[in-house]
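**Student:** One structure coming up, written as structure tokens, with questions to follow.
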Amino acid sequence: MSTVDLRSDTVTRPTAAMRQAMLHAEVGDDVYGEDPTVNALQRRLADDLGFEAGLFVPTGTQSNLLALMSHCERGDEYLVGADAHTYKYEGGGAAVLGSIQPQPIAHDVDGSLPLDKLAAAIKMVDPHFARTRLLALENTWHGRALPLGYLQAAHDFARERGLGIHLDGARVFNAAEASAVPVREITRHFDSVSVCLSKGLGAPVGSVLLGSAALIDKARRWRKVAGGGWRQAGMLAAAGQYALDHHVQRLADDHRRAADLAARLGEIDTLSVLGQYSNMVFVDVPAARLRALDVHLRAAGIRISIGYLPTLRLVTHLDIDDEGIERTVAAFRSFFAGRL
Ligand SMILES: *Cc1c(COP(=O)(O)O)cnc(C)c1O
1 MSTVDLRSDT
11 VTRPTAAMRQ
21 AMLHAEVGDD
31 VYGEDPTVNA
41 LQRRLADDLG
51 FEAGLFVPTG
61 TQSNLLALMS
71 HCERGDEYLV
81 GADAHTYKYE
91 GGGAAVLGSI
101 QPQPIAHDVD
111 GSLPLDKLAA
121 AIKMVDPHFA
131 RTRLLALENT
141 WHGRALPLGY
151 LQAAHDFARE
161 RGLGIHLDGA
171 RVFNAAEASA
181 VPVREITRHF
191 DSVSVCLSKG
201 LGAPVGSVLL
211 GSAALIDKAR
221 RWRKVAGGGW
231 RQAGMLAAAG
241 QYALDHHVQR
251 LADDHRRAAD
261 LAARLGEIDT
271 LSVLGQYSNM
281 VFVDVPAARL
291 RALDVHLRAA
301 GIRISIGYLP
311 TLRLVTHLDI
321 DDEGIERTVA
331 AFRSFFAGRL
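The sequence shown: position 172 = 172 (my numbering), numbered continuously.
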């Protein structure tokens, strides 16, 4: 029995065909800029998403960090969501390693950062204050695709205020799918975008930072400083190329399965389905029963993360098929029917 792992879309394993692509990748030393597969991946994503240049890096955390350090200098500040990955889930890297001050802003329910709150947070030019330089958004945010109208407004706001604008687009292809637009309709509003290949796209490792040639030059230097200057990384870039060729269209299947899961869990009285956004389903479970639910599901070969109590976040991805959804619904039903 295969495991249905709903904890995250980071848990996917490379498919046999992806492994073949990795095996046959041409490689070179990427610190010298000589890995043809890395170069091709960077070029291709830059062209597809509308940027001058790209930089392949090990993780989304490093990609965001390099972006922040390339937009901002020591003593600068970035405006960021209080529940954004780049603020809350990256170990404070911008402050720790970049001497960049975060200015967190409370999100609206749709994940956007209200422009009036952003405006109020911008500091005057005065020696008392950090210099506000950058606005960082996240899309999707907890599965939610930011409204396209908001992206335009945020872009115009950043331009008017002389701020750079960065997107943590770890799941930007999910956002494009959920918004039913080409991904460029999202990325065109930003000066830089970080894209994860290792989430729903199913590559084992890797993110790409996109931006102007000048910004990516700076980011390349910071990547080396951060210890991220890797060598024959083409085998990993080949996995990324394969993912872009074969795993973008199918994100629609993940979203459909998440919707299916949400609808069917919603029929269970004891559960309260809070919402389904792209490949994520949020469900409230009576806190007292969570641990027992986890044990029950594990016995049925289903993994959930109970870290965000009492709300469960269930994530669909490449390694979860219709049968996996069936099995999950059946296991939830049998648990809440009391047949333990
Ligand atoms: C996963 C993720 C990242 C980067 O994560 P890594 O594990 O460092 O690759 C960044 N932003 C968001 C929103 C993410 O979900």
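Using N, Cα and C, we set each Cβ at its ideal position, and we do this for glycine too. Just so you know, these numbers come straight off a predicted model, no measurement behind them.
(1) Taking 7 Å as the line, does the beta carbon of T187 fall inside it for any heavy atom of ligand 1?
(2) What are the residues that DSSP puts in a beta bridge with Q101?
(3) Indicate the three-state DSSP secondary structure (helix, strand or coil) for Y277 in the structure shown.
(4) Report back the beta-carbon spacing between E77 and T132 to the nearest angstrom; my notes put them in contact at under 8 Å.
(5) What does the alpha-carbon distance come out to for the pair L293 and V172?
(6) Using only the heavy atoms of ligand 1, determine whether one of them is closer than 7 Å to the beta carbon of H166.
(7) Buried or exposed for P102, please, with buried defined as at least 16 other CB atoms from any protein chain shown within 10 angstroms of its CB.
(8) Measure the Cβ-Cβ separation of G206 and P36 and say whether it is below 8 Å.
(9) Does the Cβ of A233 have 16 or more other Cβ atoms within 10 Å, making it buried, or fewer, making it exposed?
(10) With respect to 7 Å, is the separation between the Cβ of E138 and the closest non-hydrogen atom of ligand 1 below this value?
(11) Is S112 near ligand 1 - that is, is its Cβ less than 7 Å away from at least one heavy atom of it?
(12) Whether or not the stretch 281-299 and the stretch 146-158 are in contact is what I'm after, with contact meaning three or more pairs of Cβ atoms, one per stretch, closer than 8 Å; do they touch?
(13) Threshold first: 3 residues or longer. Then list the beta strand (DSSP E) segments lying entirely within the stretch 40-72, N to C.
(14) On the DSSP letters alone, give me the boundaries of the alpha helix (DSSP H) that L151 sits inside.
(15) Just confirm the distance between the C-beta atoms of A176 and I186, as a whole number of angstroms; I'd bet it's less than 8 Å.
(16) What do you reckon, is the C-beta of S207 under 7 Å from a heavy atom of ligand 2?
(17) Alpha carbon to alpha carbon, how far is N64 from G266?
(18) At what residue ranges does the stretch 277-328 contain a whole run of the alpha helix (DSSP H), taking only runs of 4 or more?
(19) Per DSSP, what kind of secondary structure is L210 in: helix, strand or coil?
**Tutor:** Reading off the structure:
(1) no
(2) E77
(3) strand
(4) 5 Å
(5) Those two C-alpha atoms are separated by around 32 Å.
(6) no
(7) buried
(8) no
(9) buried
(10) Yes, the beta carbon of E138 sits closer than 7 Å to at least one heavy atom of ligand 1.
(11) no
(12) no
(13) Segments of the beta strand (DSSP E) lying fully in the stretch 40-72: 53-57.
(14) L148 to R161
(15) Indeed they touch by this definition, with Cβ atoms about 6 Å apart.
(16) In terms of ligand content, the structure shown lacks ligand 2 and carries ligand 1 instead.
(17) 36 Å
(18) Taking only runs of at least 4 residues, the alpha helix (DSSP H) segments lying wholly in the stretch 277-328 are 290-299.
(19) strand
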